[in-house]
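J.:
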Amino acid sequence: MIGMNWILTVLLVLLSGFSSAGMDFSEDLFQGIKGVGLEVAPISVRSNRLDLDQSRLREYAYQRLDELQVEVMSSSELDKIPGRPFLEVGVHIARAQGPSHVYSVTLKLREMAMLERPKDTKVSMALSTWERESIGVANRPEAILQTVDRMIRLFSEEYHKTNEKE
77 MIGMNWILTV LLVLLSGFSS AGMDFSEDLF QGIKGVGLEV APISVRSNRL DLDQSRLREY
137 AYQRLDELQV EVMSSSELDK IPGRPFLEVG VHIARAQGPS HVYSVTLKLR EMAMLERPKD
197 TKVSMALSTW ERESIGVANR PEAILQTVDR MIRLFSEEYH KTNEKE
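In the working numbering, the protein residues as written are 77 to 242.
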């Protein structure tokens, strides 16, 4: 029991330096993006004690983006936009000890890109052009949603900072 607490504590201390890790990006990546699609990956939950599902997370993310004036576009609207930019939200939850859960939240701006290949081969795939990840401990779903909120606000700030110049 004490060994598990010690391992969990060491793990959290090591990960705390990466609690809001993100890749470097250029502000130009947001330039010209008038809105984004929204995709919420199925939640990976290794516990039955937290009541957080994909539809609740999607509704929450959509509401926050709307409040922060980031236009969320439908699939048909995205078809008309080069790169089809969309935000992808991912949540992974694992039970730790007692009521506590370790979780990670990722928020990625993904866009379709054509990869160069020899001859007439064309490869198209969604690539991350902006990404943030946060790791934490929670014993209720609202704490995880607060992390999602913080990451969406960060995306919104960086998105608006670039696009207000236009």
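All residues carry an ideal CB built from backbone N, CA and C; glycine is no exception.
Under three-state DSSP, which class holds residue 157?
T.: In the sequence shown, residue 157 corresponds to position 81, counting from 1. Here residue 157 sits in coil by DSSP.
J.: Using the three-state DSSP reduction, which class does residue 197 fall into: helix, strand or coil?
T.: Taking the sequence shown and counting its residues from 1, one reaches residue 197 at position 121. Residue 197 falls in the coil class under three-state DSSP.
J.: Distance check for residue 154 and residue 167, CA to CA, integer angstroms please.
T.: On the sequence shown, position 91 is the one that residue 167 refers to. On the sequence shown, position 78 is the one that residue 154 refers to. Looking at the two C-alpha atoms, the distance is approximately 24 Å.
J.: Helix, strand or coil: which one does DSSP assign to residue 224?
T.: Within the sequence shown, numbered from 1, the residue matching residue 224 stands at position 148. Residue 224: helix per DSSP, three-state reduction.
J.: How about residue 165 and residue 210: do their beta carbons lie closer than 7 Å?
T.: What you label residue 165 is simply residue 89 of the sequence shown in a count that begins at 1. What you label residue 210 is simply residue 134 of the sequence shown in a count that begins at 1. Contact: no.
J.: Rounded to whole angstroms, what is the Cα-Cα separation between residue 123 and residue 172?
T.: Counted from its first residue, the sequence shown places residue 123 at position 47. Counted from its first residue, the sequence shown places residue 172 at position 96. Their Cα atoms are separated by approximately 9 Å.
J.: Rounded to the nearest angstrom, what separates residue 212 and residue 105 at their Cα positions?
T.: Within the sequence shown, the letter at position 136 stands for residue 212. Within the sequence shown, the letter at position 29 stands for residue 105. Their backbone Cα atoms lie some 28 Å apart in a straight line.
J.: Please classify residue 137: is it buried, with 16 or more other beta-carbons within 10 angstroms of its beta-carbon, or exposed?
T.: Stepping through the sequence shown from its first residue, residue 137 is reached at position 61. Buried is the call here.
J.: Identify every residue that forms a DSSP beta bridge with residue 163.
T.: For the purposes of this step, residue 163 is identified with residue 87 of the sequence shown, where counting begins at 1. Per DSSP, 114, 185.
J.: For residue 176 and residue 218, what's the separation of their Cα atoms in angstroms?
T.: Reading the sequence shown from its first residue, position 100 is the one you call residue 176. Reading the sequence shown from its first residue, position 142 is the one you call residue 218. Looking at the two C-alpha atoms, the distance is approximately 13 Å.
J.: Going by Cα to Cα distance, which pick from 208, 142, 189 is closest to residue 160?
T.: Here residue 160 corresponds to residue number 84 of the sequence shown, with the count starting at 1. Considering only alpha carbons, the answer is 189.
J.: Measure from the alpha carbon of residue 119 to the alpha carbon of each residue in 128, 143, 158, then state which is nearest.
T.: Indexing the sequence shown from 1 puts residue 119 at position 43. The shortest C-alpha separation from residue 119 is found at 128.
J.: Can you name the residues that DSSP bridges to residue 126?
T.: In the sequence shown, counting from the first residue as 1, residue 126 sits at position 50. Its beta-bridge partners do not exist; DSSP assigns none.
J.: Using 10 angstroms around the beta-carbon of residue 227, count the other beta-carbons present and answer buried if the total reaches 16, otherwise exposed.
T.: Working through the sequence shown from its first residue, we reach residue 227 at position 151. Looking at its Cβ environment, which holds 16 or more other Cβ atoms inside 10 Å, residue 227 is buried.
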